[in-house]
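Numbering (our numbering), first residue to last: 249 to 408.
Heads up, the beta-carbon is just placed ideally off N, CA and C, and yes, glycines get one too.
Pasting the structure below:
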């Protein structure tokens, strides 16, 4: 529902055109978008990253289809059965091990494996990268170094 989301999607259309692919943008808002997403009536979905991609200890189960409705990337149809691709089975196994582990070294290793498999199979495509820390550092002076931007960007509008 953000205008920036539509701008990003229009940018994707332009980029794909350069590759010879014709992409038809079908921008949906609110409940229409949700209904389309949950029913799987789309070929490509442009959306902002959620907590699971910002900090893997939040909503970790959404990184892979561990259940019929957990993953944004692959949801079960009406039957409730997720037809997993072979690499998705590996992702599910990694996420389950990550959630059950309390060993930080093991968790780091598991996320490296997850990243490798996810990247090899182009499970998600990132569109933009920006130096968010530079933006935040110009506005705030008391944020501990290394704090993910997602954890405090909500406050900016209410402070300014």
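- Going by beta carbons, residue 367 and residue 343 fall outside the 9 Å limit.
- In this structure, residue 294 places its C-beta atom within 9 Å of the C-beta atom of residue 253.
- In this chain, the alpha helix (DSSP H) harbouring residue 266 covers 251-266.
- The alpha helix (DSSP H) runs of length 4 or more contained entirely in the stretch 333-370 are, from start to end of the chain, 334-348, 352-368.
- For the 9 Å CB-CB criterion, residue 273 and residue 257 form a contact.
- Taking C-beta separations shorter than 7 Å and ignoring five residues to either side along the sequence, residue 373 has no partners in its chain.
- DSSP, reduced to helix, strand and coil, places residue 285 within a helical segment of the structure shown.
- Just so you know, the alpha carbons of residue 351 and residue 310 end up roughly 21 Å apart.
- Between residue 336 and residue 312, the C-beta spacing is below 9 Å.
- The Cβ neighbour count for residue 304, taken over all protein chains shown within 10 Å, is at least 16; the residue is labelled buried.
- A distance below 6 Å between beta-carbons, with the five flanking residues on each side excluded, links residue 323 to the following residues of its chain, in chain order: 317.
- A direct Cα-to-Cα measurement between residue 353 and residue 280 gives close to 42 Å.
- In the structure shown, residue 309 falls within a helical segment according to DSSP collapsed to helix, strand and coil.
- Between residue 277 and residue 296, the alpha-carbon positions lie close to 14 Å from each other.
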